[in-house]
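Anchor point for the sequence shown: position 216 equals 216 in the UniProt record's numbering, and the numbering is continuous, going up by one each time.
Shown next, in structure tokens, is the structure this report addresses.
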Amino acid sequence: MSGVPVRVESVSKTFGSGSAAITAVDDVSIELGGGTVTALTGPSGSGKSTLLHVIGAIESADSGAIVVGDTTITSAGRRELAAYRRHVGFVFQRFHLLPALTARDNVIAPLIPDRRRARGAADRAMELLASVGLAGRENALPSQLSGGQQQRVAIARALIGEPGILIADEPTGNLDSANGTAIVDLLLALNAEHGTTLVIATHDAALASRCGRTVTLADGRILSDTGSATGTEMAVADAL
Ligand SMILES: Nc1ncnc2c1ncn2[C@@H]1O[C@H](COP(=O)(O)OP(=O)(O)O)[C@@H](O)[C@H]1O
Ligand SMILES: [Mg+2]
């Protein structure tokens with residue numbers, strides 16, 4: 001897996017209509033280089049989740065264009081979007097694990113609709129759980145794991161499709177600072193090792209500062225864009 005670039009051009013997304021309409025993302029344009037790490041900050045309600053959801057094709061944009069790697073998701077058909085979603089990793093603040101499934105089966109779950117890829121998935125899930133520090137906990141249910149461990153399972157699940165981009169929406173928001181730091185270490189190591197493009201929404205200034213580039217939203221618009229993108233792309237540029 002290597003990092004895919006993202007281009008967002010004049011994207012808007014409004015919820016509701018008439019006097020109740022809320023423009024959550026308001027004419028946002030942004031480019032993320034393949035293999036870069038970007039923090040997305042801004043107060044609650046500023047549009048971070050909505051922007052991440054439209055990039056991840058969880059929600060559709062109303063207008064504008066989003067190109068991720070080879071896919072123009074804003075004009076893609078259903079089949080193309082389904083294929084795209086399998087190659088995007090998404091990590092949520094509240095983990096969203098299935099409570100009745102073991103850690104291993106939660107990691108495999110995204111592959112179940114695709115029987116061909118599901119073959120061999122159990123072995124791959126065990127490897128991924130080991131790589132996030134959960135070797136030996138494969139058969140634990142989410143309720144038997146700490147918050148930090150549950151988020152590790154969620155990260156392993158996000159990686160099962162070998163994504164070129166990992167989108168994390170406040171991944172440390174429900175964790176204490178030690179567990180939060182460990183999760184960020186894990187995400188940054190993933191970027192360093194595989195070049196996975198990372199976008200991380202966060203309220204945490206310390207976390208944002210570790211990402212190099214920080215894009216700040218306010219009322220659905222980009223308020224500032226500071227620092228240069230770090231990540232493997234820069235490391236390569238520095239080496240040349
Ligand atoms: N599904 C939805 N329906 C209606 N309004 C929404 C929905 N999702 C988000 N919003 C509104 O859009 C704005 C941006 O929300 P969100 O993207 O969740 O911001 P953030 O993640 O920065 O807190 C907020 O005013 C929020 O209430
Ligand atoms: Mg949010």
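Idealized CB from N, CA, C, for every residue including glycine.
When the Cα of residue i is compared with those of the options, which residue comes out closest?
i	options	result
residue 150	92, 199, 203	92
residue 202	46, 139, 14, 79	46
residue 59	99, 3, 13, 135	13
residue 126	114, 157, 204	157
residue 7	187, 54, 43	54
residue 182	168, 132, 217	132
residue 111	77, 161, 146, 99	161
residue 194	164, 114, 77	164
Leaving out the 5 sequence neighbours to the left and right, which residues in its chain are closer than 6 Å to residue i when beta-carbon positions are compared?
i	result
residue 71	84
residue 226	214
residue 175	147, 148
residue 27	10, 12
Keeping to the same chain, check which residues put their C-beta closer than 7 Å to that of residue i; ignore five residues upstream and five downstream.
i	result
residue 97	106, 142, 150, 153, 154
residue 184	172, 207, 210
residue 62	12, 13, 14
residue 101	109
residue 128	107, 156, 159, 160
To the nearest angstrom, how far is it from the Cα of residue i to the Cα of residue j?
i	j	result
residue 86	residue 109	11 Å
residue 140	residue 19	48 Å
residue 191	residue 209	16 Å
residue 197	residue 35	4 Å
residue 212	residue 80	32 Å
residue 57	residue 51	10 Å
residue 239	residue 68	In this predicted model, residue 239 has a pLDDT of only 44, less than 50, meaning its place in the structure is not dependable enough to derive any value.
residue 134	residue 4	27 Å
residue 178	residue 205	15 Å
residue 32	residue 38	8 Å
residue 130	residue 169	23 Å
Report the three-state DSSP secondary structure of residue i (helix, strand or coil).
i	result
residue 193	helix
residue 7	strand
residue 136	coil
residue 65	strand
residue 169	strand
residue 17	coil
residue 204	coil
residue 146	coil
Look up residue i in the DSSP assignment and give the residues it is bridged to.
i	result
residue 114	Per DSSP, none; premise fails for residue 114.
residue 127	In DSSP, residue 127 forms no bridge with anything.
residue 215	40, 225
residue 46	In the DSSP output, where bridge partners are listed per residue, residue 46 has none listed.
Output needed for residue i: all residues of its chain with C-beta closer than 8 Å, excluding positions within five of it in sequence on either side, in chain order.
i	result
residue 25	11, 12, 13, 47, 50, 51, 54, 61, 220
residue 22	14, 15, 16
residue 122	104, 108
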